[in-house]
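Be aware that the sequence shown starts at 3, since it is given in this note's numbering, and climbs by one per residue. Here the structure comes first, spelled out in structure tokens, and everything after it is commentary.
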Amino acid sequence: MSLESIVALTKRRGFIFPGSEIYGGFAGTYDFGPLGVALRKNIVDLWTRSMQEHDNMAQLDSSIVTSGKVWEASGHVSGFSDPLVLCKACHTKHRADHVLEAIGVTADEKMSEKELNELFDEHRKNLTCPNCGKKDFGAVTAKNLLATTSLGMFEEGDTQSYLRGETAQGIYINFKNVLDTGFYSVPFGIAQVGKAFRNEISPRQFLFRKREFEQMEMQYFTPESEARADFAAWKEERMNYYLSLGINPDKLRFKQHENLVFYAKDACDIEYEYPFGWGELEGIHYRGNYDLTQHQQFSGVDLSVYNEETKERFLPHVVETSVGLDRTMLMILSDAYHEDEMGGDKRVVLKFNPKLAPIKAMVSPLLKNKPELVEKAREVRAALKKVHPVIAWDDNGNIGKRYRRQDEIGTPFCITIDFDTLGENPELLNTVTLRDRDTGTQERLTIAEVEEKIRQAVS
Numbered sequence: 003m004s005l006e007s008i009v010a011l012t013k014r015r016g017f018i019f020p021g022s023e024i025y026g027g028f029a030g031t032y033d034f035g036p037l038g039v040a041l042r043k044n045i046v047d048l049w050t051r052s053m054q055e056h057d058n059m060a061q062l063d064s065s066i067v068t069s070g071k072v073w074e075a076s077g078h079v080s081g082f083s084d085p086l087v088l089c090k091a092c093h094t095k096h097r098a099d100h101v102l103e104a105i106g107v108t109a110d111e112k113m114s115e116k117e118l119n120e121l122f123d124e125h126r127k128n129l130t131c132p133n134c135g136k137k138d139f140g141a142v143t144a145k146n147l148l149a150t151t152s153l154g155m156f157e158e159g160d161t162q163s164y165l166r167g168e169t170a171q172g173i174y175i176n177f178k179n180v181l182d183t184g185f186y187s188v189p190f191g192i193a194q195v196g197k198a199f200r201n202e203i204s205p206r207q208f209l210f211r212k213r214e215f216e217q218m219e220m221q222y223f224t225p226e227s228e229a230r231a232d233f234a235a236w237k238e239e240r241m242n243y244y245l246s247l248g249i250n251p252d253k254l255r256f257k258q259h260e261n262l263v264f265y266a267k268d269a270c271d272i273e274y275e276y277p278f279g280w281g282e283l284e285g286i287h288y289r290g291n292y293d294l295t296q297h298q299q300f301s302g303v304d305l306s307v308y309n310e311e312t313k314e315r316f317l318p319h320v321v322e323t324s325v326g327l328d329r330t331m332l333m334i335l336s337d338a339y340h341e342d343e344m345g346g347d348k349r350v351v352l353k354f355n356p357k358l359a360p361i362k363a364m365v366s367p368l369l370k371n372k373p374e375l376v377e378k379a380r381e382v383r384a385a386l387k388k389v390h391p392v393i394a395w396d397d398n399g400n401i402g403k404r405y406r407r408q409d410e411i412g413t414p415f416c417i418t419i420d421f422d423t424l425g426e427n428p429e430l431l432n433t434v435t436l437r438d439r440d441t442g443t444q445e446r447l448t449i450a451e452v453e454e455k456i457r458q459a460v461s
């Protein structure tokens, strides 16, 4: 299975389309088709439910556009950049560290622009452009990743505003607002799903690295004395979450951060083995109280919390879990994608967990030119839609082709209405054929039994 196979399937079947495709495309952006929208909604719903299982978890939807002061306080304006290098021969832009990686040289992410240039110059004679193959690079320059916007800027001197580079800062600047509602007290978490933007130099690997992406983040505010234990607990919970989705455990692992950023107390990633290799899926970080300290200092607003027992005020520490919706989607597609044989024919099948599957079941009359079969099939579909609204209809082509189409989009069950359903064999009246996507096995069940099977699978 290759990344190219997944890209081709997702476009063919309406999961994901290249952004602005009819105008030649726009790198690092994608549009989501009908099945992609459904899959993403299922992912968000399951993540949100996992957060709502905690009694002390608030939800937030903060603004995408924020004051520039937010990003000055967070350090993104001064220290959020990637190293850009230009190929003088073909005028394509590349990340300098990626060019170095191609010859097995690793650049430390903490390197200054000067240090990167020195490293690049040391290996320059061996570095070739990934686009044209020439060895004609310019100097390495640091390019800030924040995406600027003119929204709200009308006169010279107006404060620069930005599209948010991450959703976390929206949580920090609303910490006091949520606390002041009176419904929450430390320790508690704030969970948020939302868009973020980064002016990536060279977006790549399909959904893995994009310029416009969606994050599912949770910031857990806790006393310093409990933060270490909370960090360990969230690590375990987040790994178990992916296992509960049916993700192959052999393709999941923890990666401990060895070189922590200056404010971090501890950090690790949950990595997944994508078709291109191991890559970060979710970050779990113990950030100390750096973020609240910065926003308190820059805004002048007291963000401290009063401790009734000690009669003192304190700034909570933060444990963060941060995962990209797009990377989660790519993981789920990669894990579900299989090529096998069934009935002597080769097929492509997406073996989604039924909870994630965009379509839960497909109902089909054996023959579409028999009104009595069509009428009964529509009656069965209407009954199943009361169990779950996303029940597909397919009467195009022979039954085998219908099954293959549904296999490719990951539909767990196919229900066929035939003449036995109508009573040709009195013993089978009002029964249907239920086909299992993964095994291809078929069983004869009553409509009530099918309803219960689907209910159990998707709940």
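All residues carry an ideal CB built from backbone N, CA and C; glycine is no exception.
- DSSP, reduced to helix, strand and coil, places G77 outside both helices and strands of the structure shown, so it counts as coil.
- Counted as a single uninterrupted DSSP element, the alpha helix (DSSP H) harbouring Q171 occupies residues 170-174.
- Three or more beta-carbon pairs separated by less than 8 Å are not found between the segment 371-381 and the segment 310-318, which leaves the two stretches without contact.
- Around the beta carbon of G326, 16 or more other beta carbons lie within 10 angstroms, which makes this residue buried.
- Here T443 is not near D420, since their CB atoms are 8 Å or more apart.
- In the DSSP annotation of this structure, the continuous segment of the beta strand (DSSP E) that includes P85 starts and ends at 83-88.
- Bounds of the beta strand (DSSP E) holding R255 are 254-258.
- Taken through DSSP and simplified to helix, strand or coil, Y186 comes out as coil.
- V365 and D337 have their C-alpha atoms some 26 Å from each other.
- Take R97, set aside five residues on each side of it, and the residues of its chain with a beta-carbon closer than 8 Å to its own are D84, P85, L86, V87, I203, S204, in chain order.
- Separation of N250 and E284 (C-alpha to C-alpha, rounded to the nearest whole angstrom) is 16 Å.
- The beta strand (DSSP E) runs lying completely inside the segment 321-355 and spanning 3 residues or more are 339-344, 347-352, given in chain order.
- In this structure, L118 lies away from V101, with their beta-carbon atoms at least 8 Å apart.
- Counted as a single uninterrupted DSSP element, the alpha helix (DSSP H) harbouring H125 occupies residues 115-125.
- The C-beta distance from Q61 to Q194 rounds to 7 Å, short enough to fall under 8 Å.
- If you draw a straight line from the Cα of E451 to the Cα of T441, it comes to about 19 Å.
- Taking one beta carbon from each stretch, the segment 403-418 and the segment 351-358 have 3 or more pairs nearer than 8 Å; the two touch.
- Contact annotation, I393 with K348: C-beta distance approximately 28 Å; criterion of less than 8 Å not satisfied.
- Between A149 and F199, the CB-CB gap stays under 8 Å.
- Residue R383 holds the alpha-carbon nearest to the alpha-carbon of I449 among W395, R383, E429, K403.
- In this structure, the CA atom of I286 is about 17 Å from the CA atom of D328.
- Under the Cβ criterion (8 Å, minimum of three pairs), the segment 339-347 does not count as touching the segment 231-243.
- Under the three-state reduction of DSSP, N309 is assigned to strand.
- Only residues of its own chain outside the window of five on either side were considered, and among them P360 have a CB closer than 6 Å to the CB of A40, listed in chain order.
- Restricting attention to beta strand (DSSP E) runs no shorter than 3 residues, the segment 371-454 encloses them at 393-395, 415-419, 433-438, 444-448, ordered along the chain.
- Short of 6 Å from the beta carbon of E410, and not among the five residues preceding or following it, lie these beta carbons of its own chain, in chain order: R15, V350.
- With a cutoff of 8 Å on beta-carbon distance, Q221 and S76 are scored as not near each other.
- About 6 Å separates the Cβ atoms of Y274 and K253, confirming a contact at the 8 Å cut-off.
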